[in-house]
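Number of protein chains: 2
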Amino acid sequence: MSKDTTMRRRALLKTAGVGLLAATFPMPAIAQSMPELKWRLTSAVPKSLATLYGGGERLAKNVAEATGGRFQIQCFAGGEIVPGLQAFDAVSNGTVECGHTFTSYSIGRDPSFVFGTVLPFGLNPRQTYAWLVQGDGNTLLNDFFQRHNAYAIPAGNTGVQMGGWFRKEIKEAADLSGLKMRIPGLGGQILAKLGVVPQQLAGGDVYPSLERGTLDAAEWSSPIDDEKLGFVRVAKFYHFPGWWDCGTNMSLVVNLDKWRELPAVYKAVLHQASAEVNSWMQSKYDAENPAALRRLIVAGAMLKPFPKDVMEKCFQAAQETYAEIAATNPTFKKFLDSYSAFRRDQYAWWQVAEYSFDTFMIQQRNRL
Amino acid sequence: MSKDTTMRRRALLKTAGVGLLAATFPMPAIAQSMPELKWRLTSAVPKSLATLYGGGERLAKNVAEATGGRFQIQCFAGGEIVPGLQAFDAVSNGTVECGHTFTSYSIGRDPSFVFGTVLPFGLNPRQTYAWLVQGDGNTLLNDFFQRHNAYAIPAGNTGVQMGGWFRKEIKEAADLSGLKMRIPGLGGQILAKLGVVPQQLAGGDVYPSLERGTLDAAEWSSPIDDEKLGFVRVAKFYHFPGWWDCGTNMSLVVNLDKWRELPAVYKAVLHQASAEVNSWMQSKYDAENPAALRRLIVAGAMLKPFPKDVMEKCFQAAQETYAEIAATNPTFKKFLDSYSAFRRDQYAWWQVAEYSFDTFMIQQRNRL
Numbered sequence: 001m002s003k004d005t006t007m008r009r010r011a012l013l014k015t016a017g018v019g020l021l022a023a024t025f026p027m028p029a030i031a032q033s034m035p036e037l038k039w040r041l042t043s044a045v046p047k048s049l050a051t052l053y054g055g056g057e058r059l060a061k062n063v064a065e066a067t068g069g070r071f072q073i074q075c076f077a078g079g080e081i082v083p084g085l086q087a088f089d090a091v092s093n094g095t096v097e098c099g100h101t102f103t104s105y106s107i108g109r110d111p112s113f114v115f116g117t118v119l120p121f122g123l124n125p126r127q128t129y130a131w132l133v134q135g136d137g138n139t140l141l142n143d144f145f146q147r148h149n150a151y152a153i154p155a156g157n158t159g160v161q162m163g164g165w166f167r168k169e170i171k172e173a174a175d176l177s178g179l180k181m182r183i184p185g186l187g188g189q190i191l192a193k194l195g196v197v198p199q200q201l202a203g204g205d206v207y208p209s210l211e212r213g214t215l216d217a218a219e220w221s222s223p224i225d226d227e228k229l230g231f232v233r234v235a236k237f238y239h240f241p242g243w244w245d246c247g248t249n250m251s252l253v254v255n256l257d258k259w260r261e262l263p264a265v266y267k268a269v270l271h272q273a274s275a276e277v278n279s280w281m282q283s284k285y286d287a288e289n290p291a292a293l294r295r296l297i298v299a300g301a302m303l304k305p306f307p308k309d310v311m312e313k314c315f316q317a318a319q320e321t322y323a324e325i326a327a328t329n330p331t332f333k334k335f336l337d338s339y340s341a342f343r344r345d346q347y348a349w350w351q352v353a354e355y356s357f358d359t360f361m362i363q364q365r366n367r368l
Numbered sequence: 369m370s371k372d373t374t375m376r377r378r379a380l381l382k383t384a385g386v387g388l389l390a391a392t393f394p395m396p397a398i399a400q401s402m403p404e405l406k407w408r409l410t411s412a413v414p415k416s417l418a419t420l421y422g423g424g425e426r427l428a429k430n431v432a433e434a435t436g437g438r439f440q441i442q443c444f445a446g447g448e449i450v451p452g453l454q455a456f457d458a459v460s461n462g463t464v465e466c467g468h469t470f471t472s473y474s475i476g477r478d479p480s481f482v483f484g485t486v487l488p489f490g491l492n493p494r495q496t497y498a499w500l501v502q503g504d505g506n507t508l509l510n511d512f513f514q515r516h517n518a519y520a521i522p523a524g525n526t527g528v529q530m531g532g533w534f535r536k537e538i539k540e541a542a543d544l545s546g547l548k549m550r551i552p553g554l555g556g557q558i559l560a561k562l563g564v565v566p567q568q569l570a571g572g573d574v575y576p577s578l579e580r581g582t583l584d585a586a587e588w589s590s591p592i593d594d595e596k597l598g599f600v601r602v603a604k605f606y607h608f609p610g611w612w613d614c615g616t617n618m619s620l621v622v623n624l625d626k627w628r629e630l631p632a633v634y635k636a637v638l639h640q641a642s643a644e645v646n647s648w649m650q651s652k653y654d655a656e657n658p659a660a661l662r663r664l665i666v667a668g669a670m671l672k673p674f675p676k677d678v679m680e681k682c683f684q685a686a687q688e689t690y691a692e693i694a695a696t697n698p699t700f701k702k703f704l705d706s707y708s709a710f711r712r713d714q715y716a717w718w719q720v721a722e723y724s725f726d727t728f729m730i731q732q733r734n735r736l
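So the protein lines, in turn, are chains V and P. Numbered by this note's numbering, the letters in the first sequence go through residues 1 to 368 in order. Numbered by this note's numbering, the letters in the second sequence go through residues 369 to 736 in order.
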């Protein structure tokens, strides 16, 4: 390019810029496409789970900033206006316009709800997002959620979680027999096949039950969240990985009538605000977990991988559980078929560049 | 909550909704915060690299949709108005308002530019994003880019790439000696310590050079991109991992004067649009690479990990290279210190939940 052309281009850009700034704007179009709007968001979690709850607040902040404050979303913690486990229902029935939740909390209605969150022994966090947005994951989900008057967008991931806190070390699959463990959802159903007695307890009840010994084990989240509940003081064995929370997705769930009424601009803003939260939440867990894990080890946590026979028997039990559900639930089967095909492909590729690089770097970690 | 309260709340929400839709809008405020604006974006890559080039187009589409078309960005492929390698310079000197590029292309100016893209044997893709947005990565980068009149936002990642195509299998580090390999940047500098003669060739020149044998090897990208250039027909050995492209970040780079002039709403929109592209690009590579790799194997690719001694000698050469650069370049040293500390922490944590889960799933892949 000649210097003359470059200079002409710059002059042109400058003129154009001034022209544009002084232009008159089509006001009625703006007003229609970006009306002032106030929504309420109910989160599935309490404020103490700062990264999960913070995802909803960040989403609201993103939306406000991208719309100059015209679209405002007020956030409520789980329990403030709706109990955390009922966030999806509150969206579905129109009590609130939207929620930030794990759709798997609605597993009691239909096990298919887990596909909006995570399938035990499923896709890892990055693969989960790929299935949702590039595979047919989110399309299948929204076909399904439509029956429940809701529309979902991925908006957060925790990464692979830990396996939780155990009063006694798990050395073989037989050690699971009769174990009273706080573990909700499909993970609990699968572990029940190995003799675990799954318990449903709210966060605040877990610590005293572990301390008294009425509970033998409890899974919660990853180091930064687990640390807050102080489990290390009453159950030292910290097993991993949390194969039932291996890529746990959080969703922005919007009441479908409210979604349909939304101008196209706001739909786009919600999608992009959620995508930002998705990366932000994962990166926050990634950034904060290393130091939290170190602190937990200093506090006495005994870091232990689940033995191989435990992992393999649980994997087998998971496959059986899915086959049983799919046999009587065609929606679950439809999800499972899509998800399983994607999963087969993903690990075949993951083992090549990603995994071999991680392997080498982990081997070098004392030289880093 | 009583049913009465719920009903009152719903009635209230409905009334509020109608009221808001009928409200009058502060037009001048909207016009000021969201003026009509037309920018040009120059991409570092040709349209044939559909996922990389597509990232820029998706960014522009995101911005247009989130602003109701008031902020328009027109995309140009590398070479259309500015050569691909000069995208950053064109932004810096104001030829265009913004670019979508690998800042490492400016390594000739200062090796510190690599930290905006990837450091060989560095953070993996997810860790890279965590360093950029939760660590001090992007803050350090923008302090640095300020000197070059630019502002950067992460906007895409390729995942860990492949090691490239070799006419002869690399069985030990000695096989690298005298090897003429197309590999730009720091990766080439590091390999030169093992005797590789790095070549800088544009994409279109690589295939004929490999075919004639004037080139022994070439690194490019990951399966979906590599497939398009047909390397498998002239160099069968497909080594991995591409340790020099282990979490390659693409950036939206904005001319700093233009950035500063931008209303706050548009700054927020650019940040969120870029974050969406970041996840989208990674997920697109994740979704498309498995089938591309399968097709390459059918076409005759011999998939080979780099031998351990090659990896270890390259790792050692990388550490030496960084120490040499840091000794005379305080900016590079500042980046390296932040990056290295973050990397140490990341792999210490990564080996626990993430890596142990991936390991188990890869072992089960014939049962998936």
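Don't be surprised by glycine CBs; every beta carbon is placed ideally from N, CA and C.
- Residues of the stretch 160 to 177 of chain V whose Cβ lies closer than 7 Å to any Cβ of chain P, in chain order: V160, Q161 and M162.
- The secondary-structure analysis by DSSP pairs P/P522 across a beta bridge with P/S619.
- In this structure V/V63 is in contact with V/V269, their Cβ atoms being roughly 6 Å apart against a cut-off of 8 Å.
- Nearest to V/R109 by alpha-carbon distance, out of V/L123, V/E97, V/C75 and V/F145, is V/F145.
- In summary, P/Q454 is buried, with 16 or more beta-carbon neighbours lying within 10 Å of its beta-carbon over all protein chains present.
- In the three-state scheme derived from DSSP, where H, G and I count as helix and E and B as strand, V/Q86 is classed as helix.
- Ranked by Cα distance from P/D511, the options P/L624, P/E692, P/R408 and P/K676 are led by P/L624.
- Under DSSP, P/P414 shares a beta bridge with no residue.
- Close to chain P, meaning a Cβ-Cβ distance shorter than 8 Å, are the following residues of the stretch 107 to 124 of chain V: F121 and N124.
- Close partners of P/Q502 in chain V (Cβ separation under 9 Å): W280, S283, K284, D286, A287 and E288.
- If you ignore the 5 residues before and after V/L201, its C-beta comes within less than 8 Å of the C-beta of R182, S209, L215 and A218, all in its own chain and listed in chain order.
- P/D726 places its beta carbon less than 9 Å from that of V/D358.
- Sequence-distant Cβ neighbours of V/R167 in its own chain, meaning closer than 8 Å and more than five residues away, are L210, G213, D216, A217, V234, A235, K236 and F237.
- Of the candidates V/K47, V/I190 and V/K228, V/I190 places its Cα closest to the Cα of V/S177.
- In the structure shown, V/R182 falls within a strand segment according to DSSP collapsed to helix, strand and coil.
- With a beta-carbon spacing of about 6 Å, V/V118 and V/C246 fall inside the 8 Å limit used to define contacts.
- Put simply, the stretch 318 to 332 of chain V does not touch the stretch 619 to 634 of chain P. Fewer than three CB pairs are less than 8 Å apart.
- For V/D216, no CB of chain P lies under 9 Å from its own CB, so it is not counted at the interface with that chain.
- At least 9 Å separates the beta-carbon of P/P451 from that of P/M530.
- Counting only runs that start and end inside the stretch 468 to 553 of chain P, the alpha helix (DSSP H) elements of at least 4 residues fall at 493 to 501 and 505 to 514.
- Interface criterion met: the Cβ of V/R365 is under 9 Å from a Cβ in chain P.
- Boundaries of the beta strand (DSSP E) harbouring V/F237: F237 to F240, taken from the DSSP string.
- Annotated three-state conformation of V/Q74 is strand, per DSSP.
- A check of alpha carbon separations from V/Y105 across V/V114, V/N149 and V/K180 identifies V/V114 as the nearest.
- In the three-state reduction of the DSSP assignment, V/M311 falls in the helix class, which pools H, G and I.
- Contact check for P/G524 against V/V265 fails: the beta carbons are separated by 9 Å or more.
- Closest by C-alpha distance to P/I475, out of P/V464, P/T463 and P/F456, is P/F456.
- Excluding five sequence positions before and after V/R343, the CB atoms of its chain that fall closer than 6 Å to its own CB belong to L123, given in chain order.
- Between P/A667 and P/V574, the CB-CB gap reaches or exceeds 9 Å.
- In the three-state reduction of the DSSP assignment, V/V197 falls in the strand class, which pools E and B.
- Counting the other Cβ atoms within 10 Å of the Cβ of V/N289 gives 16 or more, which makes it buried.
- In the three-state scheme derived from DSSP, where H, G and I count as helix and E and B as strand, V/M34 is classed as coil.
- Within the same chain, Cβ atoms closer than 7 Å to the Cβ of V/G55 are found at H100, A155, G156, M250, V277 and M281, the five residues on either side in sequence being excluded.
- Secondary structure at P/W407: strand, using DSSP grouped into helix, strand and coil.
- Contact between P/W611 and P/M679 holds: CB atoms are separated by about 7 Å, below the 8 Å threshold.
- Secondary structure at V/P305: strand, using DSSP grouped into helix, strand and coil.
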